[in-house]
Amino acid sequence: MASQRKRNPNGAGTITKRKDGRYQAAVYVLQPDGTRARKFAYGKTWAECDTKRRALLDKVDQGVPVPTRSAKLSEYLSYWLDNMVKPRRKLSTYDKYEAHVRLYLTPMLGTKRLESLGVADVRRFLNQLEKKTTAATAKESHRVLRTALSAACGEELIARNVAKLVEPPRAKTRELSPWTLDETLDFLAVARKDPLYAAFVLAIATGLRRGEIVGLRWEDLDLDNRVLYVRQQTQRRRGVLYDDDPKGRRRRAVPLPAMCIAPLRWHRMRQAATASEITGHVFVTRNGRPVEPRNLYRSFTRVANGAGLRVIRLHDARHGCATLLTAAGVAPRVVMEILGHSQISITMDVYTHVVQDTQREAISHMDRLLKRRR
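Numbering-wise, numbering that gives the first Met the number 0 puts 31 at position 32 of the sequence shown, and it's gapless, one number per residue.
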């Protein structure tokens with residue numbers, strides 16, 4: 000008489016023979032939402048089924064979530080936003096990801112099962128989205144989907160990231176048109192009497208971002224040694240003004256040109272005499288509250304109109320700073336550190352037109368050399 004196999008201990012799962020002749024293993028596994036549920040695996044032989052049972056138990060021991068069924072993409076994206084993006088990423092990043100999930104990914108791909116999502120599905124989605132919106136929007140949605148699927152791979156919910164196998168749309172690069180040197184000087188001359196004159200000088204001379212300017216505190220300034228420390232930025236999200244880390248969480252020290260010192264000293268004296276409440280911010284309203292980021296841009300636009308200049312974005316003043324630095328011969332790596340770019344390629348891509356001017360000047364030297372022998 001054949002000896003019976005010993006019963007597995009509690010938690011080790013069970014193997015039974017089905018009516019169709021196959022074997023079925025059942026193991027309690029961890030779900031992505033933290034609960035436990037029964038997972039079934041099947042095999043033609045007892046040994047094949049036992050191998051699958053042991054593989055499931057290994058994941059249980061390692062704490063790896065194993066869904067009992069393939070979740071819909073919409074379900075996983077909701078889980079990903081709540082449990083991975085919201086606790087770890089900046090609020091502005093979460094809002095951007097959530098918008099793409101809500102507006103595009105869930106309506107157009109949400110019914111697809113996570114494991115059955117294919118390369119063709121992603122490609123069709125991007126083509127349709129580009130037709131409905133823009134290439135830039137489709138490219139950003141592709142980046143959000145790729146990031147979410149990478150997290151799913153990390154949790155071993157899927158074997159591969161199909162979004163990585165699809166080339167994203169090519170968005171047109173926005174042409175930069177910062178002010179010329181003469182336009183910049185005309186603006187500064189008119190802005191001299193504006194309460195935010197020191198802020199405009201910082202934007203033009205150091206290339207600070209709008210949020211970095213309004214988030215600046217007096218403790219971040221060392222006027223004697225002419226150094227500014229970018230430690231935070233001020234943003235408005237969901238109707239609330241709050242301080243956040245700088246973009247890319249890159250804190251940096253920025254050398255201050257001499258032209259920034261006098262406006263900042265004068266601004267501090269005037270603030271001490273007029274502000275009803277001292278909060279520590281460099282740029283505040285009459286009642287002492289931090290200046291709204293959008294109000295800084297409105298003042299910038301108002302002064303530009305008053306000077307008879309073409310209106311540009313405040314962010315274009317940052318591009319103008321980089322243009323002047325590059326034209327003055329400052330190395331791209333140094334420009335990158337001053338502006339707080341995360342990669343040197345960003346600096347070089349954005350300011351290609353300056354490099355082209357430098358190349359044009361170099362070619363003119365070649366003309367002079369070759370004309371000597373004529």
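Glycine included, each C-beta is placed from N, C-alpha and C at the ideal position.
Values in this document were obtained by computation on a predicted structure and should not be read as measured data.
Query, Result
"Can you find the residues in the same chain that come closer than 6 Å, C-beta to C-beta, to Thr13, ignoring five residues on each side of it along the sequence?", "Ala25"
"I'd like to check one pair, Leu215 with His266: are the Cβ atoms closer than 8 Å?", "no"
"For Leu108, which of Glu114, Val121, Glu97 has the nearest alpha-carbon?", "Val121"
"Suppose the cutoff is 6 Å on Cβ atoms and the five residues either side in sequence are ignored; what does the same chain contact list for Arg230 look like?", "Asp219, Arg250"
"Taking Pro289 and Val283 to be in contact with their CB atoms under 8 Å, please state how far apart those CB atoms are, rounded to whole angstroms.", "6 Å"
"By Cβ distance below 8 Å, which residues in the same chain neighbour Gln127 in space, the five residues on each side in sequence not counted?", "Met107"
"Below 8 Å, can you find three or more Cβ-Cβ pairs linking the segment 199-214 to the segment 241-260?", "yes"
"Relative to the C-alpha of Asp391, which residue among Thr179, Asn294, Trp45 is closest?", "A question about residue 391 goes unanswered here, because the residues of the chain that appear run from 0 up to 373."
"For Ile212 and Gln232, I'd like the C-alpha separation in whole angstroms.", "7 Å"
"Could you give the uninterrupted runs of the alpha helix (DSSP H) lying entirely in the segment 191-254, keeping only those of 4 residues or more?", "196-205, 209-213"
"Is it the case that the Cβ atoms of Asn160 and Ser176 are separated by a distance below 8 Å?", "no"
"Sorted by chain position, which residues of the same chain lie with C-beta nearer than 8 Å to Val189's C-beta, five sequence neighbours on each side aside?", "Val302, Gly305, Ala306"
"What separation, rounded to the nearest whole angstrom, lies between the Cα atoms of Lys51 and Arg317?", "58 Å"
"What residue range does the beta strand (DSSP E) around Lys16 cover?", "13-16"
"Check whether the Cβ atoms of Leu29 and Arg37 sit closer than 8 Å, and answer yes or no.", "no"
"Does DSSP put Gln23 in a helix, a strand or coil?", "strand"
"To which residues of the same chain is Lys18 closer than 7 Å at the C-beta, ignoring the five residues directly before and after it?", "none"
"DSSP has His280 in a bridge; who is on the other side?", "Arg216"
"How would you write the range of the beta strand (DSSP E) that Gly42 sits in, first residue to last?", "35-42"
"Decide if Ser298 is buried, meaning its Cβ has at least 16 other Cβ atoms within 10 Å, or exposed.", "buried"
"Is the separation between the beta-carbon of Arg169 and that of Ala119 shorter than 8 Å?", "no"
"Less than 8 Å between the beta carbons of Glu114 and Ile157, yes or no?", "yes"
"What number of angstroms, rounded off, separates the C-alpha of Leu195 from the C-alpha of Leu295?", "8 Å"
"For Ala131, name the three-state secondary structure that DSSP assigns.", "Correcting the residue identity first, residue 131 is Lys in this sequence and not Ala. In this structure, Lys131 counts as helix in the three-state DSSP scheme."
"By how many angstroms is the C-alpha of Asp94 removed from the C-alpha of Gly20?", "52 Å"
"In this structure, what does DSSP give as the bridge partners for Lys71?", "Arg112"
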